[in-house]
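Colleague: Chains as they are written, first to last, in my numbering: chain S, 1160 to 1476; chain R, 30 to 310. The beta carbon of each residue, even a glycine, is placed where N, CA and C say it ideally should be. Please read all numbers here as calculations on a predicted model, not as lab measurements.
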Amino acid sequence: MTKYTDQGKQDTRSGYGAGMTELGRTNPNVVALCADLVGSLKIETFIAENPERFFQVGIAEANMMGIAAGLTIGGKIPFASSFANFATGRVYDQIRQSIAYSDKNVKICASHAGLTLGEDGATHQILEDIGLMKMLPGMTVINPCDFNQTKAATIAIAEHHGPVYLRFGRPKVANFTPVDQKFEIGKAVMLNEGTDVTIIATGHLVWEALLAAESLENQGISAEVINIHTIKPLDEKAILDSVKKTGCVVTAEEHNYLGGLGESVARTLTMHHPVPQEFVATYDTFGESGTPEQLMEKYGLNNKAIEKAVLRVLKRI
Amino acid sequence: MPNTEELQDLVVQVRRDILRMVHKVNSGHPGGSLGCTEFFVALYNEIMDLKEGFDMDGKDEDLFFLSNGHISPVFYSVLARRGYFPVEELDTFRLIDSRLQGHPTTHEGLPGIRVASGSLGQGMSVAIGAALAKKLNGDDHLVFSLHGDGELQEGQNWEAIMYAAGNKVDNLIATVDRNGQQIDGATEEVLPLGDVADKFRAFGWDVMHIENGNDLDQVIAGLKEAKSRTGKGKPVCIVMTTEMGNGVDFMMHTHAWHGKAPNDEQLANALSQNPETLGDY
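1. So, are the CB atoms of V1424 (chain S) and A1468 (chain S) less than 7 Å apart?
2. Return helix, strand or coil for Q302 (chain R), following the three-state DSSP convention.
3. Please work out which residues of its chain come closer than 7 Å, Cβ to Cβ, to A226 (chain R), disregarding the five sequence neighbours upstream and downstream, and give them in chain order.
4. Kindly give me the distance between the Cβ atoms of I1465 (chain S) and A1368 (chain S), rounded to whole angstroms, as I take these residues to be in contact under 8 Å.
5. When burial is assigned at 16 or more other CB atoms within 10 Å of the CB, is V1338 (chain S) buried or exposed?
6. Put A1382 (chain S) into one of helix, strand or coil per three-state DSSP.
7. Find the residues of chain R that neighbour S1240 (chain S), judging by a C-beta separation of less than 8 Å, and give them in chain order.
8. For the alpha helix (DSSP H) holding S56 (chain R), just list the boundary residues, first then last.
9. At the 7 Å Cβ level, is S154 (chain R) part of the contact set with chain S, yes or no?
10. Give the DSSP bridge partners of Q210 (chain R), in chain order.
11. Inspect the beta-carbon positions of I47 (chain R) and L63 (chain R) and report whether they are closer than 7 Å.
12. Please report the straight-line C-alpha distance between V1265 (chain S) and N1377 (chain S), rounded to a whole angstrom.
13. Measure the CB-CB distance between R258 (chain R) and V248 (chain R) and report whether it falls below 7 Å.
14. What separation, rounded to the nearest whole angstrom, lies between the Cα atoms of A1347 (chain S) and T1361 (chain S)?
15. Closer than 8 Å, Cβ to Cβ, to anything on chain S: give me those residues from the region 157-176 of chain R, in chain order.
16. Less than 6 Å between C-beta atoms, sequence neighbours within five positions excluded: which residues of the same chain meet that for M77 (chain R)?
17. Would you decide whether N97 (chain R) is buried or exposed? Buried here means 16 or more other CB atoms lie within 10 Å of its CB.
18. Around the C-beta of S1448 (chain S), are 16 or more other C-beta atoms found within 10 angstroms, so that it is buried, or is it exposed?
19. Tell me which residue opens and which closes the alpha helix (DSSP H) that P102 (chain R) is part of.
20. Please classify M1430 (chain S): does DSSP put it in a helix, a strand, or coil?
21. Could you tell me which chain R residues have their CB closer than 8 Å to the CB of P1262 (chain S), listed as they occur along the chain?
22. Report buried or exposed for S301 (chain R), applying the criterion of at least 16 other Cβ atoms within 10 angstroms of its Cβ.
23. On the CB-based measure, 16 or more other CB atoms within 10 Å of its CB, does M1349 (chain S) come out buried or exposed?
24. Secondary structure at P1210 (chain S), three-state DSSP: helix, strand or coil?
25. In whole angstroms, what is the alpha-carbon distance linking G1288 (chain S) and R1212 (chain S)?
26. Could you please tell me which residues of the region 67-87 of chain R, in chain order, have their CB closer than 7 Å to any CB of chain S?
27. Is the beta carbon of G1176 (chain S) within less than 6 Å of some heavy atom of the ligand GTP?
28. Within the 7 Å Cβ cut-off, does A1219 (chain S) reach chain R?
29. Give every residue of the same chain whose Cβ lies closer than 8 Å to the Cβ of R1255 (chain S), excluding the five residues on either side of it in the sequence, and list them in chain order.
30. Are D199 (chain R) and G260 (chain R) touching if we call contact CB-CB under 7 Å?
31. Name the chain S residues whose beta carbon is nearer than 8 Å to that of G147 (chain R)?
32. Hey, is the region 1235-1255 of chain S in contact with the region 1267-1280 of chain S, meaning 3+ C-beta pairs nearer than 8 Å?
33. How close, in whole Å, do the beta carbons of Y1260 (chain S) and T134 (chain R) come, if the pair is a contact with beta carbons under 8 Å?
34. Among S:A1246, S:L1182, S:G1183, which one has its Cα closest to the Cα of C1193 (chain S)?
35. State yes or no: is the C-beta of E1412 (chain S) within less than 7 Å of the C-beta of L1370 (chain S)?
36. Just verifying my parser: in three-state terms, what is the DSSP assignment at Y1490 (chain S)?
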C-alpha cells in the first residue's frame, strides 16, 4: 500500500489562511470579507498586508454576500468567509440570487464545517452545507482534505471564474498531501490503488480512509482510496473506472448522507454502473457538543466506521 | 442632454410601454413601475454618466442597481429606449426564451442588468460592493440604487444601511420609492415603516427628500442635489414620494395595481391618458 506520512497535524482553516496570504501577495484583484470571525478564519496576515483589500462586515452575513457580489462588478475576486453554517444556510437566498443566479465570481469560504468544531454544538455545526451548495446551478463545491490541499485549493479557485463553495474545518488533522501539489478543480486524486473495494472520501475523512485501508490490508482486503476534493463538478470517470474494477464502494464524508458526496456518487453509479454502496456519513441528524474525536466516534465518521462499512459492502457483492 | 420637454415625451412613452408590456402577458407590476417612471427617465437620460455600450464591470461610468426588481417593466423600457437593446424586444417581456424575465437577471445576458433582483432586500448590499470596488479602482463615478419602501421590511437592508454609513461609502446614492403601498395594502398597515428619513439619518446617512417623485423637474433637481452631496463621508439617501400607478387615474391612490395587469378595456383607457409620443414598439 502507498505510504503517506503525516507531516504534522494542522487545521485546514489555517491552510485557507496560508492560501489567502499568498493570494494577497500575488493577485491584486483578490479581496477578503469576513463577518466578525477573522481569528477563526486565520486571515490575519492577509489583512495586515492588504488592509485596503479587507472588508469587515460585522455580524451581518447576508450583507456580506451581497457586498461580495457587488465587488465583482469592477473586477474584484471576493473571498467571503465565515463558519459554514452562517456562510450557507443562513444566507441561502442571498447566495442564490445575488451570486449564483447572477453569475458572480464570488468565493464562499467556510470554516468549521461538519461536526468537528466540537463543543459549540449543533447551532454552529452544519451537516447540510454540501447539499445546499451543490444544488445551486453553476456552483462549484470543494472540500479539501488537509492543510496543504486547502492552501492549494484556495489559490486555485482564484483562477477559476465563477462562484465556488470552499469548505474546511477547525480541528488539527494529519497533513499528508504534497506541499507543492497542483490543485485541479474537478479532478479526483488516486491515493491508493486496490482491487476489492473503492473508498471514496472527502475532507477530514480522507485520512481516516487511508487508515482504514491500511487496517483492511492487514486483513487481506485491497482497498482503493480516492480523494474527491471537488464534489461538484464530480470526477465521474475516476469513480466509474475504479468501481468497474472493484465492484463495490464506500463513500465517506463529514456530512448528512442526504445531499452529500455519497448521494452524488450514488447517482453516478445508478446512471452508469450500479454496484453496492455503503455510506459513512451522518444519518439525518443534527450534531451536539463534544470533543471532535468523541463526535466522530459517536456519529460513525472515523477509520473504524469506514472499515466496518467496507466489510458490510463486501457482503453485498 | 435632452431638454425637459423631450424627457417628458419619453416619460409618457415609457408609461405606454409599461402598460402594453404587462397587458400582453396579463402579469407583471405596473403600479410601482408607473410611479417610478420619472425617476428612471431622469436617471438614465440626465443624471448618470454612462459609457456607450455595456460591459459588466462598468468601470469609468456611473452604475445603477434596482433592488425592487418587480418594477422591471419601467427598467426594461428605459434601458431599451436608452439604446441598451432593441425597443422591439420589449414585446417579449415575460415570454418563454426572452431576455426580459419577469424580474431582472444577468442570466440571459440582457445589456444593462448587472445583478438579479426580485427576492427583495438584496440590492443595497450589492450596490455597496460595487461602490467599494469603484473606490479600490480609483474610479470616482457614482453608484445609484432604488428600493421599494415596503422592501425595507427585509432585515438585510438595515445591515447594509449600517455598513454604508459606518464605512463612509459616500459614492452611493440610494433612493427609496416612498409610495406607501405594498401587496397587502398600505405600508403603515402591513408593517409600519415610520419615518424612513429619520431612520436613515439615525444610521448616519445624509438624507434628503424629493417631495413629488412624479414631477420630472423635481426629480432631476433632487438627483443633481444628491450628486453634489457625495464624496463628503456619508452615503446619500433620497426619500422620494411617488404615487403608485401615476399617470393612469384608475391605478392611483390604491395598492390594487401593484401586481395586476389591465384588461383590454382598461388598457385602452390607460393609453388614452398617455398618448403616443416617440412611437410604440
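Modeller: The answer reads as follows:
1. no
2. coil
3. V236, H238, V268
4. 6 Å
5. exposed
6. strand
7. Simply none; closest approach about 15 Å.
8. Run containing S56 (chain R): none; DSSP gives neither H nor E here.
9. yes
10. R:A215
11. yes
12. 46 Å
13. no
14. 10 Å
15. I157, G158, A159, A160, L161, A162, K163, L165, N166, D168
16. D91
17. buried
18. exposed
19. 101-110
20. helix
21. A small fix is needed here, since residue 1262 (chain S) is Asp in this sequence, not Pro. Within chain R, the residues near D1262 (chain S) are T135, H136.
22. exposed
23. exposed
24. helix
25. Per the sequence presented here, residue 1288 (chain S) reads as Asp, with Gly not at that position. Between D1288 (chain S) and R1212 (chain S), the C-alpha separation is close to 27 Å.
26. M85, D86, G87
27. Of ligands this structure carries none, so the ligand GTP is not represented either.
28. yes
29. L1295
30. yes
31. Q1256
32. yes
33. 6 Å
34. S:A1246
35. no
36. An answer regarding residue 1490 (chain S) cannot be provided, because it is not within the stretch 1160 to 1476 covered by chain S.
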